[in-house]
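Colleague:
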Amino acid sequence: MPHPIVEDELEQLEGVREKLSSLSSSDTASERPIVRELETLRDALVSGSENKDRMALMQEFQRQQALLNQIRAGKPTGEIDRSSPYFAHLRLREERGERNLFVGRTTCIENGLRIVDWRNAPITRIFYRYQQGEEYEEEFAGRTREGEVVARRMVRIRDGQLDRIDAPEGIFQNRSEGGWQESGHDVPRLAGGEAAAARAYEGPQAGERLLGTDVDGRVQRVDKRLPEITGLIDPSQFSLITRSDSGFLVIRGTAGSGKTTVALHRIAYLAYDDPEVDSERTLFVVFSRALRNYVSAVLPSLGVQNVRVITYGEWASDQRRRHFPRLPSHQREDAPAYVTRLKLHPIIGKALEIQVRSTPGGRDVRQVVDDWASLLTHQRLLREVTEREAPGQFSDDDIRRFVDWHRKRNEEVFAFMAGERDVQAELDPEDDTLLLRAWQLRVGPLQRSGKRHVRYRHVAIDEVQDFAPVEVQVLLGCLDQRKSITLAGDTQQHVMQNSGFSSWSNFFEHLNVPGTAVETLRTSYRSSHEIASFALEILGDLREDDEPPRTTRRGPPVELFRFTDRGACVAFLADALRQLSQAEPLASIALLTPTEQISRVYYEALERCDLPRLQWVTDQDFSFEPGIDITEVEQVKGLEFDYVVLLEASASQYPDTPAARRRLHVGATRAVHQLWLTTLGTPAPMISTAEQ
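The numbering used here puts the first residue of the sequence shown at -2, with every later residue one more than the last.
1. DSSP three-state label for Val353, please.
2. Identify, in the order they occur along the chain, each residue of the same chain with its Cβ nearer than 7 angstroms to the Cβ of Glu277, setting aside the five sequence neighbours on each side.
3. Roughly how many whole angstroms lie between the Cα atoms of Arg547 and Arg519?
4. Given that a residue counts as buried once 16 or more other Cβ atoms are within 10 Å of its Cβ, and exposed if not, what is Glu107?
5. Please determine, among Trp369, Gly359, Val362 and Tyr522, the residue with the shortest C-alpha to C-alpha distance to Ile345.
6. Between the stretch 552 to 559 and the stretch 153 to 166, are three or more C-beta pairs nearer than 8 angstroms?
7. For Pro119 and Glu57, which I take to be in contact (beta-carbon distance under 8 angstroms), what is that distance rounded to the nearest angstrom?
8. So, is Gly139 buried or exposed, given that buried needs 16 or more other C-beta atoms within 10 angstroms?
9. When the Cα atoms are used, what is the spatial distance from Gly635 to Arg222?
10. In the DSSP assignment, what residue or residues form a beta bridge with Ile307?
11. Just the Cα atoms here: how many angstroms apart are Gln234 and Phe391?
12. Suppose you measure from the CA of Thr308 to the CA of Leu570; what does that come to, to the nearest Å?
13. Please state if the CB of Thr676 and the CB of Glu629 are separated by a distance shorter than 8 angstroms.
14. By DSSP, does Leu17 sit in helix, in strand, or in coil?
15. Of all the alpha helix (DSSP H) runs that stay within the bounds of the stretch 556 to 626, which reach a length of 4 or more residues?
16. So who's on the other strand from Trp436, going by DSSP bridges?
17. I need the DSSP call for Gly130, collapsed to helix, strand or coil.
18. With a threshold of 6 angstroms on Cβ separation, who are the neighbours of Val456 within its own chain once the five nearest residues in sequence on each side are excluded?
19. Measuring alpha carbon to alpha carbon, tell me which residue in Ser502, Glu92, Arg406 and Gly358 is nearest Gly466.
20. Entirely within the stretch 68 to 127 and at least 4 residues each: give me those alpha helix (DSSP H) ranges in chain order.
21. Looking at the structure shown, is Met55 part of a helix, part of a strand, or coil, going by DSSP?
22. Can you check DSSP and say which residues form a bridge with Val295?
23. Does Ala415 pass the burial test, meaning 16 or more other C-beta atoms within 10 Å, or should it be called exposed?
24. Rounded to whole angstroms, how far is the Cβ of Thr430 from the Cβ of Gln462, which I believe are closer than 8 angstroms?
25. Going by beta carbon distance, what residues of the same chain come within less than 7 angstroms of Arg658, once the five residues before and after it are set aside?
26. Return yes when the Cβ of Ala265 is within less than 8 angstroms of the Cβ of Ile248, no when it is not.
27. Counting along the chain, where does the beta strand (DSSP E) carrying Val641 start and finish?
28. Along the chain, where does the beta strand (DSSP E) containing His455 start, and where does it finish?
29. Just tell me which of Asp428, Val100 and Ser19 has its CA closest to the CA of Ala565.
30. Smallest Cα separation from Leu38: which of Lys405, Gln62, Leu424 and His526?
31. Could you tell me which uninterrupted alpha helix (DSSP H) segments, each at least 4 residues in length, are contained entirely in the stretch 308 to 378, listed from first to last along the chain?
32. Please tell me whether Val567 and Leu603 are closer than 8 angstroms, where the distance is taken between their beta carbons.
33. Starting from Ser180, follow the beta strand (DSSP E) in both directions and report where the run begins and ends.
34. Of all the options Glu468, Ser500, Lys448 and Trp673, which has the alpha carbon lying nearest to the alpha carbon of Arg559?
35. Provide the residue span of the beta strand (DSSP E) that contains Ile230, from first to last.
36. May I ask you to report which of helix, strand or coil DSSP gives Ser647?
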């Protein structure tokens, strides 16, 4: 005989199916009960209530009004999916007795049905905030509801048939020919990672060196920024840190191998012998504000106080405003993709060199602006350079549209420079680099105030694979006679597709420094063996090395969890994250999504689950404190977290393309201890791992 829980759920589903069968499709999305609820709420508002109650009533009125508008607009979500009407079952015991409540994608409370939409039905707070056996007290529309959660179960219904039940008592699976089978309830957990990751040493010393602790292994770190780890530097890293201070040092290595750490510690090493290094004449350049803030504490902790850690965009914008004060100061962020792609491609730097070399003119600002503006509208030159340097990458139509777009934009810019302040003239961020490079080619070195040249003692560039060659050329042109520079990067983490980076050798040719040697760090300290191996498999033939990176420890397996509904995924995550936050209050957790829209959906849903320290990170505004960050994969480049969940790693979001493979690789390698993936529908084709 089936387990009583299975019998109960089969009976509940049969009851729901009978009630649905007696309703027309329009009745399942009926507005009548919602209108009645709105009338009740309106009467309560009119009767006059205390401020606190009035606010709650108004909030509930707005929710119900939004649901009514959805149904009246005829959206598909207004109809019950009869093949899978709900994904969770609650049984609540209150003063008036027990009642069953079902959680699904659409609300239907006709004909005795109680199916509520997980996204906007207030009562679903009970499902997301309370476990089976717990008592609850919640306020809905100014009224307090008290009771006990008698049963809380996740169910999977496919083609109208009950397929699986997840309950605290166990997991029940319909095996078709074998009937229903019960398995022990081994609930997947995020656990065991807080201050437990070995940093550097292998063998007996590894256990004594822990992330999240000081050198003596005593104090857990609350600040999740990159720590100073001088005592944990390995021999390979040390040999690069102590390399000669002149010329190129190029460091590549897998995610978590310490490229950034080496670049930072090398500055401290150089400053020990030459105090001039610890000055404004040294730059540590990164591509994002998040990475800048992440590494900001390392140099001061090493006794280096005056080196600027800055994003390339900030530096280039400052320099451009100083050299071209009459140009518009505002930047636009909505340039067409074909404009951005060509402006960052290596061919633009070559075309600019030809433009300056072939055009007579004075060594002054006016001529530099003319060089820049003329290049962007020189259709024949751009086409010739493209055909020679990048055949097939830009069509004649791409170049024509690029030129037409800039002709119109340049008219606005020149009108602004002529004094027409009512013109809304803006530059693209990429224009800063092109103007500075044009200055270097036409006039010479960039200038400080007082006609002094901009000359840097040392420059380090992190994640260099996501910089355009012309951007690096501008920085190279600012070095002093020592030409001291550190480039750190990993082509496997190349996510800025427009920069034109294809390989190290091609990159150096674009910089006019062919034959430069690349030093490789081969040990991954950040992630466990399981995570590093999984991330390498995702890359496929994009991997740089045949051999997987060395790792210093093992950890939990990478797991993939499939869901048929986003609400079910939210419930699963809420349970796991709540448990983790209680067990490891100092853990850092990242929920990484493919798009900003999906980030918003999960944040709003999980916020209703009353999770502690939940934050939706936009515009790279990380706090670097313990807690749960929801954001997109692109925003966490260069960062790390104790736990990572890659949300909706589905084929629709991550098709089998080089760009998608690298995005998943970057997301996976942010995890120090444990990695999960979730998917709605078909998983991304490059994913091959355990399923739950």
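We put the beta carbon where it would ideally sit given N, CA and C, even for glycine.
Modeller: According to the data block:
1. helix
2. Asn303 and Arg305
3. 6 angstroms
4. buried
5. Trp369
6. no
7. 6 angstroms
8. buried
9. 11 angstroms
10. Val282
11. 41 angstroms
12. 34 angstroms
13. no
14. helix
15. 563 to 580 and 593 to 604
16. In DSSP, Trp436 forms no bridge with anything.
17. coil
18. Leu280, Leu472 and Ile482
19. In the sequence under discussion, the amino acid at residue 466 is Pro, which differs from the Gly named in the question. Measuring from the Cα of Pro466, the nearest candidate turns out to be Ser502.
20. 121 to 126
21. helix
22. Answer is none; Val295 lacks a bridge partner.
23. exposed
24. In fact, because the Cβ distance is near 17 angstroms, the residues do not count as touching under 8 angstroms.
25. Ile535, Leu536, Gly537, Leu539 and Met683
26. no
27. Phe638 to Leu643
28. His455 to Asp459
29. Val100
30. Gln62
31. 309 to 320, 334 to 341, 343 to 355 and 362 to 373
32. yes
33. Trp177 to Ser180
34. Trp673
35. Per DSSP, Ile230 belongs to no beta strand (DSSP E) and is neither H nor E.
36. strand
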